[in-house]
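Sequential numbering of the sequence shown, starting at 1, is according to the UniProt record's numbering. The C-beta atom is built at its ideal place from N, Cα and C for all residues, glycine as well. A short write-up of the structure that comes next.
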Amino acid sequence: MQMPAIYHSHLEELLNLIMLACPLMVTHFLRFICPFLSIVICGHFSREELDAASLANTVINVLGLCIDMGFSTASETLFSQTYGSSKRKLMGIILQRALIIMTLIFITLACLHINIEYFLLKARQDPLISSLAADYILCFLPGLYCDYLFMTLSRYLTSQNLVKPMTLAAVAGTVFTILTQPLVYRLGLGLRASACFLSCSFAVMLFCEVLYIFLYRIYSETWAGWDFVAALSEWGIFFRLGIPGIFMIAFEEWCLELSTFIAGTIGDAVLGAQGIVFQIQSFIYMVPLGICTAVNVRVGQGLGAFDPQRAKHTYVTALFSVSKHILIYIYI
């Protein structure tokens with residue numbers, strides 16, 4: 001029995017979404033498992049260092065990674081629509097704008113991170129744990145900047161249906177973490193060393209991604225050279241898309257992170273346990289995040305090609321598929 005054309009079309013689109021979404025899930029999962037491994041290692045030193053690492057990663061998520069992922073959705077929208085159009089060289093200009101803007105956002109947040117101990121004490125966190133958490137955050141700052149650049153380049157690649165580079169880069173960074181974090185414990189290097197090696201893990205991810213781009217000349221179709229005049233103009237669209245993107249992704253995360261801060265006012269043991277629970281929850285969140293990113297890319301490419309029916313087709317396919325699996329999950 002031959003499959004009706006409409007079902008065949010939806011099945012083909014679903015396979016395209018899966019091919020994009022699965023590597024994205026793996027990449028996001030690996031990005032978040034590295035801090036989790038650092039927390040686990042810090043927990044072997046003392047309860048205070050476990051609590052400090054948990055609190056530090058909470059701050060890094062709230063005032064770092066979430067803002068990174070949220071604001072970079074602006075790049076995702078602009079990249080995918082431009083790639084779907086006939087003006088693909090414009091992607092190079094958009095990339096330059098994105099890198100400059102993300103750098104400025106990082107510098108702004110870094111000023112807050114450097115003085116985070118003051119705010120932690122104002123939030124009624126334990127003084128010793130606040131001091132240790134501030135040290136951890138300061139040591140991780142270079143890694144946070146690497147992640148900002150990594151995510152921007154990842155949006156650039158994903159919009160071209162290229163997910164292999166970022167996945168391989170995330171694997172390399174995770175392998176580095178797996179090799180170095182146990183070494184931190186065996187040599188008794190402490191919390192600061194764990195944060196420094198975690199920062200290096202994100203640097204490894206960025207280095208591998210950039211290396212892949214240059215080795216395979218992925219930029220050849222979309223890069224027309226540096227143009228600083230163009231890169232410093234038309235920033236408004238980034239902020240109009242990026243700020244709602246922050247609230248879309250980060251607001252949910254902030255609500256969950258609030259429970260960690262509340263736990264810190266109750267007791268040290270509660271804070272450590274809550275931090276671990278939150279990290280596990282973050283892993284689960286990677287599944288819908290990967291799916292949403294894949295759908296956004298496919299819809300953006302359709303709109304960029306002035307093909308709204310294709311964009312609608314992607315949306316309907318994704319909505320039906322996800323709804324079906326949610327109903328099955330609830331029934332089970």
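T317 places its beta carbon 8 Å or farther from that of T167. In the assembly as shown, I246 is a buried residue. Its beta-carbon has 16 or more other beta-carbons within 10 Å. With respect to the C-alpha of T73, the residue from R310, F320, L289 having the closest C-alpha is L289. Close CB contacts of Y156 within its chain, under the 6 Å cut and outside five residues either way in sequence, are with F79, L95 (chain order). Distance from I116 to V59 at the Cβ level is roughly 6 Å; contact confirmed, criterion being Cβ atoms closer than 8 Å.
In this structure C139 is buried. Its beta-carbon is surrounded by 16 or more other beta-carbon atoms within 10 angstroms.
Just so you know, the alpha carbons of I178 and M19 end up roughly 27 Å apart. Within the stretch 38-65, the complete alpha helix (DSSP H) segments of 4 residues or longer fall at 47-60, listed in chain order. Under the three-pair Cβ rule at 8 Å, the stretch 172-188 does not count as touching the stretch 86-103.
V295 carries a helical assignment under DSSP once its states are collapsed to helix, strand and coil.
Around the beta carbon of M248, fewer than 16 other beta carbons lie within 10 angstroms, which makes this residue exposed.
The DSSP assignment places no complete run of the beta strand (DSSP E) inside the stretch 167-200 (cut-off: 3 residues). Ranked by Cα distance from V229, the options T222, Q301, I93 are led by I93. Around the Cβ of C255, a 10 Å sphere holds fewer than 16 other Cβ atoms; the residue is exposed. A distance below 8 Å separates the beta carbons of I67 and A250. Taking the Cα positions, V171 is about 33 Å away from R310.
A distance of 8 Å or more separates the beta carbons of P23 and V210.
Here P308 is actually not in contact with L198; their C-beta atoms are around 44 Å apart, not less than 8 Å. Cβ contact annotation for V295 (same chain, cutoff 6 Å, sequence separation greater than five): A318, in chain order.
Rounded to the nearest whole angstrom, the CA to CA distance from I129 to M151 is 30 Å. Membership of E117 in the alpha helix (DSSP H) is indicated by the continuous run 116-122.
Between S85 and F202, the alpha-carbon positions lie close to 32 Å from each other.
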